[in-house]
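Under the numbering used here, residues 369 to 758 are what the sequence shown spells out, in order.
Virtual Cβ for every residue (Gly too), placed ideally from N, Cα, C.
It should be emphasised that the depicted structure is a prediction, and the values quoted were computed from it without experimental measurement.
One structure is given below, encoded as structure tokens.
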Amino acid sequence: MRLFIRRALEKLDKLDSRQIHRLIVDLATENERMEAVLQSMTDGIMVTDGENRITLYNKAAERYMPFSHDGDPYEKKVWTVIADREIADFVRTTLESQETATDREFTLSAGGEMRVLSCSVMPLVRGGSIQGNLFHIEEVTEKRAKEARLRRAESLASLTTLAAGVAHEIKNPLGSMGIHIQLIKKGMAGKSLVEAGSVLKHLDIITEEVERLNKIVVDFLFAVRPMDMELRSADLNAVVRDFLDFVRVELEEAGIGIREELEEDLPALNLDEKFVKQAALNLVKNAISAMPGGGTLTVSTFRRGDAVKLSVADTGVGIPRQILDKIFEPYFTTRDFGSGLGLTIVYKIVKEHRGDIAVDSREGKGTTVTISFPVPQKDRQLLSYEGKNP
Ligand SMILES: Nc1ncnc2c1ncn2[C@@H]1O[C@H](COP(=O)(O)OP(=O)(O)O)[C@@H](O)[C@H]1O
Ligand SMILES: [Mg+2]
Numbered sequence: 369m370r371l372f373i374r375r376a377l378e379k380l381d382k383l384d385s386r387q388i389h390r391l392i393v394d395l396a397t398e399n400e401r402m403e404a405v406l407q408s409m410t411d412g413i414m415v416t417d418g419e420n421r422i423t424l425y426n427k428a429a430e431r432y433m434p435f436s437h438d439g440d441p442y443e444k445k446v447w448t449v450i451a452d453r454e455i456a457d458f459v460r461t462t463l464e465s466q467e468t469a470t471d472r473e474f475t476l477s478a479g480g481e482m483r484v485l486s487c488s489v490m491p492l493v494r495g496g497s498i499q500g501n502l503f504h505i506e507e508v509t510e511k512r513a514k515e516a517r518l519r520r521a522e523s524l525a526s527l528t529t530l531a532a533g534v535a536h537e538i539k540n541p542l543g544s545m546g547i548h549i550q551l552i553k554k555g556m557a558g559k560s561l562v563e564a565g566s567v568l569k570h571l572d573i574i575t576e577e578v579e580r581l582n583k584i585v586v587d588f589l590f591a592v593r594p595m596d597m598e599l600r601s602a603d604l605n606a607v608v609r610d611f612l613d614f615v616r617v618e619l620e621e622a623g624i625g626i627r628e629e630l631e632e633d634l635p636a637l638n639l640d641e642k643f644v645k646q647a648a649l650n651l652v653k654n655a656i657s658a659m660p661g662g663g664t665l666t667v668s669t670f671r672r673g674d675a676v677k678l679s680v681a682d683t684g685v686g687i688p689r690q691i692l693d694k695i696f697e698p699y700f701t702t703r704d705f706g707s708g709l710g711l712t713i714v715y716k717i718v719k720e721h722r723g724d725i726a727v728d729s730r731e732g733k734g735t736t737v738t739i740s741f742p743v744p745q746k747d748r749q750l751l752s753y754e755g756k757n758p
């Protein structure tokens with residue numbers, strides 16, 4: 369409350385009619401100013417009372433939310449006023465569970481156009497108890513489109529690297545096939561009959577090279593295939609447990625013990641379970657190859673600030689420092705039968721989750737790969753409408 373209003377209210381019974389008149393005019397002016405500020409905001413603002421009825425909203429809120437237009441929006445529960453079913457359901461569950469929601473996104477199609485809205489709900493606290501809620505609605509269509517363009521540009525850049533990699537990869541088998549065809553021709557020159565064995569030897573090699581080429585192309589297609597990610601709210605620990613059950617036997621057979629260090633009560637993350645498991649599988653495969661004589665695989669999850677991390681640590685051969693910055697490059701491999709795409713794919717999956725990846729390795733000791741996922745901002749924020757005003 370503004371100081372001049374509070375002061376006037378404190379001595380209200382001592383005011384004469386002229387002073388009361390003055391106070392009302394001041395209040396009206398103040399109110400108009402607030403109203404003007406509220407209405408000129410591009411973000412939507414809406415306030416509800418303890419009974420979840422709308423007590424205040426601005427034009428932007430009405431424009432974004434679409435209100436259903438039967439009757440006075442002030443008299444009903446807020447979720448019955450919002451026309452969009454999905455938003456209405458979200459508002460209802462959030463309010464009924466007395467939760468806070470930050471930046472929950474909704475896609476609406478209005479007049480053939482897609483709009484992405486970001487909604488936040490924060491409780492208004494007065495005297496230690498919740499006295500209603502504040503809604504903040506922001507349009508993020510352009511912001512999201514920009515991010516998607518950036519990600520596409522990023523993946524286009526890696527596509528160029530991939531294509532260069534493929535060109536490089538197919539040169540060797542093609543060269544080798546050329547040589548063996550030449551050798552067959554040479555062996556046949558001037559002869560009407562040749563010994564089958566001498567030709568077969570070359571044909572075997574040519575067949576092997578064709579298989580190699582095929583694998584390169586298949587792997588390439590896998591690496592460049594757009595990932596149809598569907599990020600959904602999920603429990604990382606549940607995904608990890610499920611995944612570990614899947615690889616347990618293979619690890620046991622390789623003489624590798626599993627240590628699970630999963631922190632409880634992690635916040636839900638936006639994940640595509642299938643792809644997270646694919647990434648974990650690639651990391652575990654690398655760990656298995658790094659521990660030919662067995663060892664220990666430690667899988668941990670934990671929270672650090674705004675991120676939840678998943679780390680896969682092995683007690684294997686480690687990665688020499690000089691190749692550490694190459695391992696994510698497409699086709700980089702030190703293994704005889706490696707594709708060199710395992711970590712490239714992991715990187716791509718992590719980026720699609722707006723996450724990050726870090727590698728810590730000591731030669732002869734082991735390697736730890738850590739993926740961090742952003743925590744969707746959903747923590748409790750309490751907002752007070754008292755106290756701060758002069
Ligand atoms: N856990 C690990 N321990 C040791 N070296 C690793 C590990 N993970 C990856 N590397 C190194 O990174 C390279 C690239 O890995 P990756 O992209 O999965 O391809 P690939 O497994 O087909 O070689 C591997 O060849 C290996 O040299
Ligand atoms: Mg690999």
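Judged by DSSP secondary structure, F670 falls within the beta strand (DSSP E) whose first and last residues are G663 to R672. Per DSSP, D457 lies in no beta strand (DSSP E); the unbroken alpha helix (DSSP H) holding it starts and ends at R453 to E464.
Of the heavy atoms belonging to ligand 1, none sits nearer than 7 Å to the Cβ of G480.
Counting only runs of at least 4 residues, the segment 385-452 fully encloses the following alpha helix (DSSP H) elements, listed from N- to C-terminal order: 385-408, 427-432 and 446-449. Taking a cut-off of 8 Å on C-beta distances, the segment 575-588 does not touch the segment 644-660, as fewer than three cross pairs fall below it. Inclusion of V446 and I413 in the CB contact set at 8 Å is not warranted, their separation being larger than that value. Spanning the alpha carbons of L383 and L637 requires a straight line of approximately 58 Å. Counting along the chain, the unbroken beta strand (DSSP E) around G734 starts and ends at G734 to P742.
The closest CA to that of I687, considering only L518, F700 and K677, is found on F700. In the assembly as shown, V685 is a buried residue. Its beta-carbon has 16 or more other beta-carbons within 10 Å.
Between the beta-carbon of V415 and that of G500 there is about 6 Å, and that keeps the pair under the 8 Å contact cut.
Per DSSP, reduced to three states, the secondary structure at R580 is helical.
8 Å or more divides the Cβ of L651 from the Cβ of L604. Look at D682: its beta carbon is less than 7 Å from one of the heavy atoms in ligand 1.
A525 sits exposed, since fewer than 16 C-beta atoms from the chains shown fall within 10 Å of its C-beta. Here the distance from the Cβ of V685 to the nearest heavy atom of ligand 1 is below 7 Å. Boundaries of the beta strand (DSSP E) harbouring T470: A469 to A478, taken from the DSSP string. Under the 10 Å beta carbon count, S707 is surrounded by 16 or more other beta carbons and is classified as buried. Take H721, set aside five residues on each side of it, and the residues of its chain with a beta-carbon closer than 6 Å to its own are F741, in chain order.
Per the DSSP secondary-structure output, K677 pairs in a beta bridge with F670 and S740. Rounded to the nearest angstrom, the gap between the Cα atoms of K642 and I573 is 38 Å. Taking all protein chains shown into account, E577 has 16 or more neighbouring C-beta atoms within 10 Å of its C-beta and is therefore buried. Taking a contact to require three or more Cβ pairs closer than 8 Å, the segment 502-515 and the segment 473-483 qualify as touching. Per DSSP, G625 is one residue of the beta strand (DSSP E) stretching across I624 to L630.
Counting along the chain, L637 sits inside the beta strand (DSSP E) bounded by residues L637 to L639. In this structure, G495 has its CB at a distance of at least 7 Å from all heavy atoms of ligand 1. With a contact defined as Cβ atoms closer than 8 Å, L502 and L492 qualify at about 5 Å.
DSSP, reduced to helix, strand and coil, places V718 within a helical segment of the structure shown. Set against 7 Å, the gap from the CB of F700 to the closest heavy atom of ligand 1 is smaller. Distance from the Cα of E631 is smallest, within the candidate group V608, T669, F614 and R600, for T669.
Considered as a whole, the segment 480-563 harbours 509-556 as its complete alpha helix (DSSP H) runs of no fewer than 4 residues, in chain order.
For I624, the number of other beta carbons within 10 angstroms of its own is at least 16, and it is reported as buried.
By the rule of a C-beta closer than 5 Å to any heavy atom of ligand 2, the residues picked out are N654 and G710.
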